[in-house]
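Engineer: Protein chains in written order, with our numbering: chain P, 78 to 423; chain F, 78 to 423; chain H, 78 to 423; chain L, 78 to 423.
C-beta: ideal position from N, C-alpha, C; glycine also.
Just passing along the structure, written as structure tokens.
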């Protein structure tokens, strides 16, 4: 089969690789569509992602729509021919975290297209990929391939939006206007937030947010930020979702949250220590909650998109054939101009 | 009356001052015992406390046992002659925070012995102090004056211990072995924590903690810390209470907490930004919760001490007459040797 | 002034009464619109409501839009001429329940148009009524009088929907298709429920629910109920809101809820004991939560209706002049044909 | 091997049976001690238990201490010779309930010594029993066989005490002074409840409760109950644990709980509908929560008993050899005189 193999920073090459073999409980997927995620871009730019350093060349990609090409003997629920999206995280299922329903924290998780394990696990920027049948979720016919491959980022957003408790009537700030930030905004709206404001230093992203129906946008670089925030959100926001990974955005979240309220960190802040006005956590009794990936919520993500309450389509900026992987990656780096870039494989 | 007036860093003088007048709803208290808090020491050492800079000389002190000397007309529940302890925080009672039962966040709070308001509010290092009758809580005869003046720090600990949800069966680390840290440990034990470990760089405080029944202590400066933590708490703590205000202790808390678990910040971290491995909040899905003062929980604190489930007595290291205020403050600064220092007034 | 005075069962008469006097903190309201609530109908039908038996004739009505006619000296936020809706419940503000932010449980609550106190408190089926300024909430110009008088039932629904925690992605059943049930359904939708089903034995109400956009309706009297429920909600509902007050509906809620899930009781079940399959609470680990009135959430209700996320207008079936009070009450009793009946006063 | 086989009401006979065979993942246990539970007594008295009707004679018993006699090939953590206690519930591990960490609600659960499945699953009133290795929990040497066989009822109590959220400072009523009720009281104390009161109609049980350190007891049959409750708990209890299964006790719980507070149903109320003053759930905004078995909390139960914070020993009233099974069962029915009866097997 053909696969886009990452060899190091800015070096990704289409190569012939053996089609993955099937072991018990697994299915072989023929990839139709695969999305480029922020972590794929980190690997592409730097050759590594945070503390994850690949020990050999590997295949990126963990957002996908695929057809089931074959299933190992004994697999029942997922039949060849079915069109599915995939939960790329496979926790062990037996550790304390898994038993307590927090499989997203399982240290033994195997993640598609990631160097979190050694050797790395090959992902979906390839013609075929093998996963556990239990990682597959049937796509309804009304959902197209592009939206199907958005279920993974939507699961990230859905998990994050559930972290701070009920959002009904709450004033929400999202810092970071990329695909995750916009999906968080959309889910927060669907879950009852009364006001959604988005902050991003890129004018193109603020414009895109307004076009998608966000009530107000803030420019974090503007000296008028405090007044602008006050004019839209009074004495502050009830929940801040930090979806940019920029330390300055997190600091801004501290300043713009109301006393006693909550900041949810979704973006990757990098491996180094960052400077924070941490005393405010105590003196203003804030909550700072992390949100990491997602649990078993793909069915809920599919339902949310299918019902039209969240609309991922407008976030798909461009679709390239797998053969143009390098161009697709370069394009995806132009954050002011594009949102989600996807690869059409079969 | 006589009052110990703070004039600036290391400058505190006993002076004659007019006895406070009574306005509607208030009672005049004749102070019996007053404790020296960490914030009193900050004012004494630096002349200010974090962002609170006094606009005129004022009287410190907000932990007290007192007799009611007089009550304004119309005050019903608190009679002259009664012996009381005092909730030194008086929130406005009508703002959004107050209406939602979170009066500890009320921005209009008037705090005894504090420069959080301008002018500052005089406190309890004096023969008399006036407070709202509703701030007074009757002390049962079986509770002595010293313990009565410990109800305020116990309220701080009680509020903090309630922040992270149920502690039953949880492994708890307390960083900082001063009076607040030890009271937090005691309340956490009374509320079901299965393991309590205390960390402090001062050998004297670690020794004191062991003498008070803490199972194990850790030296944060020891290179063997990670192994020692593992030997007592396996893969980490469920809840870390940070009661020292040392940035290094908070960073240690990140390292020693289990995935998905909670850090409660109680200590004052200072006004500046501090460096934190904040990405772990996301990648290990931690919760970092602030804890600020307390709500209306003095009755519960009194009950907790009265039942013997928490024993504040052993934390009282020394009692000085009000006239020896400077010596008392200097003594209280010797953290390796003393816990709580109190002033005997009448 | 003119007021509709309840003298006993089916006996309500327009009479001249003195305009209420103003005491400190109060405002005199000139009523524009007043809604007829289920409890008003109970008083009208039986002369009493549950355990509330009036000790003298009194004026019903607690859902209203009004103009401020006069304000006591010292009242600041609410000016004469302002158009307001009213939180008819006035808790004491100082008891344990009030201090903990649960004023809806305050035993000293004074309720407009209710015999919960002795003597009863006169309500809004009159030209004028006096309330505390703090009970008034300014209506935005874009909200008409009829919708303004719907803020009280919307507050009931809003409080109830917040009881079971986040609704995002949850399957919801509402039993009882009157105004409260339909408002609960609308708020649950706005707060992220993925499926809303309504159950009512009256065909007219089921039809109205479908017209208002509810996905599916169930007839509780149908022998096919279990299969119908399964076809729309699989193995059961995540949250059941019981808004009818019919014991059979609550029993149905037990049968249709999933294991481990929640039933919220909103409707008045009457004073007597009712038979319930209570062992299921244990064996299926259900939660049965009561919901009583509302706290201080009128601003949120106004915002919810103003944003269009909940639309109360279609629930207003008919508006009668105050002079036709008896006809209005009779009309409101015809539950199959009408939803909310209101009185136009000025 | 020898096993005590239940043939019907009051008919239990020691018989020779084949020793259970081992399949993959299982271990063969040689039973040392087995406790008689309330459900065992139901089967013994009536031949069935609630809706569970055995389809053939079977072996009761699900509270046990045992030695591992043999392990299937591939079993790693549990070695022959180890002394263990057993979680008798084996959920499927893959359904929605299991994935969400609520395996106690798994409809496919196989329960030792229970007719909840057809055919029934043989239990521990026998010389040998086979279970999954993952159901076994190593007993520390300091814990004797009798206490080891109390870990199952302690797990029931532990799960129940966790249902209503933090107990710190709460006033608790336990209705029903059998082993479960007394263990609930002990765990509630260890988890911070400030007052524990027990109610039971049997004088012997009230006396036993006082001897075990419960502060106060109530006789539910006394006409002075309301005043007695008020004298110990003021305006009511914060949490009521109903551990008797008597409908009258649940009704009493409604009367004695404070507004807005919680009742936890642990006892089996029987299959029929029971009469409840259900309107109070709404009008006093109560929570009625079920508690069913336990999740994976045996390690925590062992730790709780090992640390001495909960002491199950005094609840063991009598130990009989397996051969005297009928006498043991008859003895266990004398609830006024005995608490827990156990069988010594090997």
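For the beta strand (DSSP E) containing residue 110 of chain P, name the first residue and the last one.
Structural biologist: 103 to 112 is the extent of the beta strand (DSSP E) around residue 110 of chain P.
Engineer: Consider the Cβ of residue 177 of chain P: report whether some Cβ of chain L lies at a distance smaller than 8 angstroms.
Structural biologist: So yes, residue 177 of chain P belongs to the interface.
Engineer: Since residue 149 of chain L and residue 102 of chain L are thought to touch, with beta carbons under 8 angstroms apart, how far apart are those beta carbons, to the nearest angstrom?
Structural biologist: Between residue 102 of chain L and residue 149 of chain L the Cβ distance is about 6 angstroms, and since that is below 8 angstroms, they are a contact.
Engineer: I'd like to know whether the C-beta of residue 222 of chain H is nearer than 8 angstroms to at least one C-beta of chain F.
Structural biologist: Closer than 8 angstroms: no.
Engineer: Chain L beta carbons: is any one of them nearer than 8 angstroms to that of residue 343 of chain H?
Structural biologist: Yes, because at least one Cβ of chain L sits closer than 8 angstroms to the Cβ of residue 343 of chain H.
Engineer: Does the CB of residue 432 of chain L have a neighbour CB from chain F at under 8 angstroms?
Structural biologist: Residue 432 of chain L lies beyond the range of chain L shown here (78 to 423); nothing can be said about it.
Engineer: Check the C-beta distance from residue 203 of chain L over to residue 133 of chain L and give it rounded, since I have them as a contact under 8 angstroms.
Structural biologist: That belief does not hold up - the Cβ atoms of residue 203 of chain L and residue 133 of chain L are roughly 15 angstroms apart, past 8 angstroms.
Engineer: Per DSSP, which residues does residue 417 of chain F bridge with? Please list them.
Structural biologist: DSSP output for residue 417 of chain F lists F:393 as bridge partner(s).
Engineer: Going by DSSP, which residues form a beta bridge with residue 191 of chain P?
Structural biologist: Answer is P:198.
Engineer: Is it the case that the region 241 to 253 of chain F contacts the region 385 to 392 of chain F, given that we only count it when at least three CB pairs across the two stretches are under 8 angstroms?
Structural biologist: With the cut-off at 8 angstroms, the region 385 to 392 of chain F and the region 241 to 253 of chain F do not touch.
Engineer: If we call anything under 8 angstroms between Cβ atoms a contact, is residue 380 of chain H one with residue 308 of chain P?
Structural biologist: No, these two residues do not count as a Cβ contact at 8 angstroms.
Engineer: Would you say residue 277 of chain L reaches chain P, if we count a Cβ-Cβ gap shorter than 8 angstroms as a contact?
Structural biologist: Closer than 8 angstroms: no.
Engineer: Give the secondary structure of residue 379 of chain L by DSSP, where H, G and I count as helix, E and B as strand, and everything else as coil.
Structural biologist: Residue 379 of chain L falls in the helix class under three-state DSSP.
Engineer: If I measure Cβ to Cβ from residue 185 of chain H and keep anything under 6 angstroms in the same chain, skipping five residues before and after, which residues do I get?
Structural biologist: Excluding sequence neighbours, residue 185 of chain H sits near 169.
Engineer: With residue 214 of chain L as the anchor, note down where its alpha helix (DSSP H) starts and where it stops.
Structural biologist: No alpha helix (DSSP H) holds residue 214 of chain L; the beta strand (DSSP E) holding it covers 213 to 215.
Engineer: Tell me whether the beta-carbon of residue 404 of chain F lies closer than 8 angstroms to the beta-carbon of residue 223 of chain F.
Structural biologist: Not closer than 8 angstroms, so no.
Engineer: Report the three-state DSSP secondary structure of residue 46 of chain H (helix, strand or coil).
Structural biologist: The requested residue 46 of chain H does not occur in the structure, where chain H is confined to residues 78 to 423.
Engineer: Who are the neighbours of residue 381 of chain L on chain F, taking C-beta pairs under 8 angstroms?
Structural biologist: Result: 246 and 271.
Engineer: Rounding to the nearest angstrom, what Cα-Cα distance links residue 154 of chain L and residue 316 of chain P in this structure?
Structural biologist: C-alpha separation (whole angstroms): 45 angstroms.
Engineer: Alpha carbon to alpha carbon, what distance is there between residue 178 of chain F and residue 70 of chain F?
Structural biologist: Not covered by the structure: residue 70 of chain F. The range shown for chain F is 78 to 423.
Engineer: Secondary structure at residue 335 of chain P, three-state DSSP: helix, strand or coil?
Structural biologist: If DSSP states are grouped into helix, strand and coil, residue 335 of chain P belongs with the strands.
Engineer: Find the nearest neighbour of residue 284 of chain P within the set P:140, P:416 and P:383, judged by alpha-carbon distance.
Structural biologist: Looking at the Cα atoms, P:416 is the closest of the given residues.
Engineer: Using a beta-carbon distance below 8 angstroms, is residue 369 of chain H in contact with chain L?
Structural biologist: True, the Cβ-Cβ gap to chain L drops below 8 angstroms.
Engineer: Any heavy atom of the ligand HEM inside 7 angstroms of the beta-carbon of residue 245 of chain P?
Structural biologist: Absence of the ligand HEM from the depicted structure is noted, as is the absence of any ligand whatsoever, leaving it without description.
Engineer: Please list the partners that residue 337 of chain F has in chain P, where partner means a Cβ-to-Cβ separation under 9 angstroms.
Structural biologist: Neighbours of residue 337 of chain F on chain P, chain order: 174, 177, 179, 181, 182, 367 and 369.
Engineer: Output the boundary residues of the alpha helix (DSSP H) element that contains residue 371 of chain F.
Structural biologist: Per DSSP, residue 371 of chain F belongs to no alpha helix (DSSP H) and is neither H nor E.
Engineer: Please classify residue 84 of chain H: does DSSP put it in a helix, a strand, or coil?
Structural biologist: It is a strand residue.
Engineer: Can you tell me whether residue 89 of chain L is helix, strand or coil according to DSSP?
Structural biologist: Strand.
Engineer: Distance check for residue 322 of chain P and residue 352 of chain P, CA to CA, integer angstroms please.
Structural biologist: In a straight line, the C-alpha of residue 352 of chain P is about 13 angstroms away from that of residue 322 of chain P.
Engineer: Does chain H have any CB closer than 8 angstroms to the CB of residue 413 of chain F?
Structural biologist: Not closer than 8 angstroms to any Cβ of chain H, the Cβ of residue 413 of chain F fails to qualify, so no.
Engineer: Given that a residue counts as buried once 16 or more other Cβ atoms are within 10 Å of its Cβ, and exposed if not, what is residue 258 of chain L?
Structural biologist: Buried.
Engineer: Smallest Cα separation from residue 173 of chain P: which of F:84, F:312, F:421 and F:418?
Structural biologist: Residue 173 of chain P has its Cα closest to that of F:312, out of F:84, F:312, F:421 and F:418.
Engineer: Between residue 97 of chain L and the rest of its own chain, which residues show a CB-CB distance below 8 angstroms, the 5 nearest in sequence each way excluded?
Structural biologist: The answer, listed in chain order, is 105, 199, 205, 206 and 207.
Engineer: Would you list the residues sitting across from residue 268 of chain H in a DSSP beta bridge?
Structural biologist: Beta-bridge pairing links residue 268 of chain H to no other residue.
Engineer: Given this structure, state the Cα-to-Cα distance separating residue 296 of chain H from residue 406 of chain H, to the nearest angstrom.
Structural biologist: Rounded to the nearest angstrom, the two C-alpha atoms are 27 angstroms apart.
Engineer: So, for residue 398 of chain P: in the same chain, excluding its five sequence neighbours on each side, which residues have a beta-carbon less than 6 angstroms away from its beta-carbon?
Structural biologist: Correct list, in chain order: 421.
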